[in-house]
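Same order as they appear, the protein sequences are chains A and B. So my numbering is basically just the index in the first sequence, starting at one, shifted up by 1172. So my numbering is basically just the index in the second sequence, starting at one, shifted up by 1172. By construction, the Cβ of each residue, glycine as well, lies at the ideal position given by its N, Cα and C atoms.
Number of protein chains: 2
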Amino acid sequence: MRFAEKLEMALLRSCVCVGLDSVVEKLPSSIQKDPEGLLQFNKAIVDATYDLIGAYKPNFAFYEALGREGWSVLFETIGYIRKVSPQALIIADAKRGDIGNTSKMYAHSIFRELGADAVTINPYMGRDSVLPFVEDPQFGAFVLGLTSNAGSVDIQQISTDTGFVYEHVVRKALEWNKHDNIGLVVGATKDVDMRSIRMAAGKMPFLIPGIGAQGGNLESAVMLNFNGQYVDALINSSRSILYASSGPDFADAAKQATLNLVREIQEIKSRI
Amino acid sequence: MRFAEKLEMALLRSCVCVGLDSVVEKLPSSIQKDPEGLLQFNKAIVDATYDLIGAYKPNFAFYEALGREGWSVLFETIGYIRKVSPQALIIADAKRGDIGNTSKMYAHSIFRELGADAVTINPYMGRDSVLPFVEDPQFGAFVLGLTSNAGSVDIQQISTDTGFVYEHVVRKALEWNKHDNIGLVVGATKDVDMRSIRMAAGKMPFLIPGIGAQGGNLESAVMLNFNGQYVDALINSSRSILYASSGPDFADAAKQATLNLVREIQEIKSRI
């Protein structure tokens, strides 16, 4: 199935994306604090949330930090999602990008070996660092546009005669989007910027982190992206769902936090 | 030991860096074509070259592409280098970078779990994506400045009132360099650009890929960076060394190719 279709179907179910940024130190007391425990935690989170979400987004750093066993846990987590919820979109939050022959290897790793549907990509190295991820219309890439962190001012927000650097990235992403399988990562922390990037990006799908622990503005993200004209946005929440409770009820609490987010989004949409 | 000192000592031995971009398909006929064979190949390359080089640079994409076993091969390769040549600088060519708390996880993975000395970093997300990699003066980061691939025109070479985007990156890198442990990745494929980035970067160390298979200009790279004023540059070669022969003499051929590169650099230096 083409990525554009997979994304559309995921969004028909739910625009919520759960970021699987799981860390051993924050595992609930009922779970052993090691890579095995982390996998068990991820499985419980998936079981509790899969019928409320459109996508999962494991952040690779959190698995690589586990050392030797990290990639195994990542493989097992993705495999488990596929088993429990074959229709969930899996976005590898890997922020990869390198020269052409190297990006090709990363693409093989992420789509063919790990089995993700999409990946986050850093555009600093330009076209040949991005294109290997979107050559096959089955898979997609979310290119970093404007991120929600403090450092986004350093490079992304440099001003040029033809707009900010991130606007150049948006234009390039539109140009590279031959198979309708490129989206943009756009942080939810700045209203004004999200409006400007949405204007530049047209109907290109957004992946919006920064809701929840990072303090992003859910209301304006929803208002801007679900106004009937633009409907392709995944809203990611990680820590607020994963760590909704540190007790043995963590899975129920994660389910409740996800449901609350779904309802909150519904409520905002109803006011558009 | 501080990274600045590790790098200085590595450069006193040799400015050659061998890129361990090993792929199963290109393994010599005498070696089995699987992850185990790839590790065996890496070990033979290290045995053949360690007394001629200053650094090794495994490119993570090539290990991740091996699937589940990839990270194990990476761990074993780094462990083997440490055993055979404790003084060799190990640069994790991972091109990582994410929001602060995530970059911290990547830094833990690369320095503490894998045991590398330095990492390549993509600066698009700005300060909090870079600083976690250079907080500890023992470890270093090479920030992507101007790369040698075709796509470098797309973002890096966007022109602004105060220079190209890559010049902004250089200025930021200088600003972030409190512990003398930041360097820049500068492709060897464009003479003029290397001169301009060297002027902007002062004495900041360069990691120069693009020599050999990518067709970079060794002569101008050496002329510019080893003229008595600037001496901090590592010159990377990958494919021309790894695949110097596809026969059972691959290790000898790799040694000879490394030696030829060392001699060629010496010869150019002697003409400065």
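Notebook entry, point to check: How is A:N1450 classed by DSSP in three states: helix, strand or coil?
Noted result: Limits of chain A in this structure are 1173 at one end and 1444 at the other, which puts residue 1450 of chain A out of reach.
Note to self: Residues of chain A with CB closer than 9 angstroms to the CB of B:F1247, please, in chain order.
What the structure shows: G1239 and R1240
Next item on the list: Give, in chain order, every residue of the segment 1270–1288 of chain A whose Cβ lies closer than 7 angstroms to some Cβ of chain B.
Entry: D1270, I1271, G1272, T1274, M1277, Y1278, H1280, S1281 and E1285
Note to self: Out of A:V1394, A:G1317, A:P1381 and A:K1375, which one is the CA nearest neighbour of A:G1191?
What the structure shows: A:P1381
Item checked: Residues near B:A1288 in its chain [Cβ-Cβ closer than 6 angstroms; skip 5 each side] -> I1262, A1264 and I1282
Checklist line | Local conformation of A:L1224 per DSSP, three classes | finding: coil
Next item on the list: Helix, strand or coil for A:K1276, going by three-state DSSP, please let me know.
Entry: helix
Check: What residues of chain B sit near A:Q1328, judged by a beta carbon separation below 8 angstroms?
Finding: Y1296, M1297 and G1298
Note to self: With a threshold of 6 angstroms on Cβ separation, who are the neighbours of B:A1216 within its own chain once the five nearest residues in sequence on each side are excluded?
What the structure shows: Counting only Cβ-Cβ distances below 6 angstroms, and skipping sequence neighbours, we find A1423.
Check: Which residues, in order along the segment 1214–1241 of chain B, keep a beta-carbon less than 7 angstroms from a beta-carbon of chain A?
Finding: N1231, A1233, F1234, E1236, A1237, G1239 and R1240
Margin query: Restricting to runs no shorter than 3 residues, where is the beta strand (DSSP E) found entirely within the segment 1249–1273 of chain A?
Written below: If we require 3 residues or more, the beta strand (DSSP E) runs fully inside the segment 1249–1273 of chain A come out as 1261–1268.
Notebook entry, point to check: Roughly how many angstroms separate the alpha carbons of B:G1242 and B:V1195, rounded to a whole number?
Noted result: So the two alpha carbons sit approximately 11 angstroms from each other.
Next item on the list: Check the Cβ-Cβ distances between B:A1322 and every residue of chain A, and say whether any is below 8 angstroms.
Entry: yes
Notebook entry, point to check: Along chain B, in chain order, which residues have C-beta atoms closer than 8 angstroms to that of A:L1316?
Noted result: Y1296 and M1297
Checklist line | In chain order, each alpha helix (DSSP H) run of at least 4 residues that lies wholly inside the segment 1397–1443 of chain B | finding: Runs found: 1411–1414 and 1422–1442.
Notebook entry, point to check: Looking at the C-beta of B:V1325, does it have a partner C-beta in chain A at a distance below 8 angstroms?
Noted result: yes
Item checked: Identity of the residues DSSP links to A:G1312 by a beta bridge -> A:A1290
Check: Quick check: the segment 1241–1260 of chain B against the segment 1205–1222 of chain A, are there 3 or more CB pairs under 8 angstroms?
Finding: no
Note to self: Checking 8 angstroms against the spacing of the C-beta atoms, do A:S1409 and A:I1444 come in under that value?
What the structure shows: no
Margin query: Do B:P1295 and B:L1318 count as a contact pair if the criterion is CB distance below 8 angstroms?
Written below: 8 angstroms or more divides the Cβ of B:L1318 from the Cβ of B:P1295.
Next item on the list: Using three-state DSSP, classify B:K1350 as helix, strand or coil.
Entry: coil
Checklist line | Status (buried if at least 16 other CB within 10 Å, exposed otherwise) for A:R1284 | finding: exposed
Notebook entry, point to check: Quick one: what does DSSP say B:I1380 is sitting in, helix, strand or coil?
Noted result: Note: B:I1380 maps to strand in three-state DSSP.
Notebook entry, point to check: Between which two residues does the alpha helix (DSSP H) harbouring B:V1190 extend?
Noted result: Counting along the chain, B:V1190 falls outside any alpha helix (DSSP H), though it belongs to the beta strand (DSSP E) covering V1188 to L1192.
Check: chain B partners of A:K1344, CB-CB under 8 angstroms?
Finding: D1326 and I1327
Checklist line | A:P1200, DSSP secondary structure in three states | finding: coil
Checklist line | Three-state class that DSSP yields for A:L1238 in the structure shown | finding: coil
Notebook entry, point to check: So does the segment 1233–1247 of chain A actually touch the segment 1270–1282 of chain A, counting three or more Cβ pairs closer than 8 angstroms?
Noted result: no
Check: Distance, Cα to Cα, A:I1330 vs B:Q1438?
Finding: 41 angstroms
Item checked: Exposed unless 16 or more other CB atoms sit within 10 angstroms - verdict on A:Q1204 -> exposed
Notebook entry, point to check: If you run the structure through DSSP and keep just helix, strand and coil, what is A:A1331?
Noted result: Checking the sequence shown, residue 1331 of chain A turns out to be Ser, not Ala. Strand at A:S1331.
Checklist line | Cβ-Cβ distance between B:K1353 and B:G1298 below 8 angstroms | finding: Reading the sequence as shown, one finds Asn at residue 1353 of chain B and not Lys. Not closer than 8 angstroms, so no.
Check: Taking DSSP as the reference, what is the three-state secondary structure of B:V1302?
Finding: helix
Checklist line | B:N1231 - partner residues in DSSP beta bridges | finding: B:D1265
Checklist line | Terminal residues of the alpha helix (DSSP H) in which A:K1178 lies | finding: F1175 to R1185
Margin query: Quick check: what's the CA-CA separation for A:G1335 versus A:Y1415?
Written below: 39 angstroms
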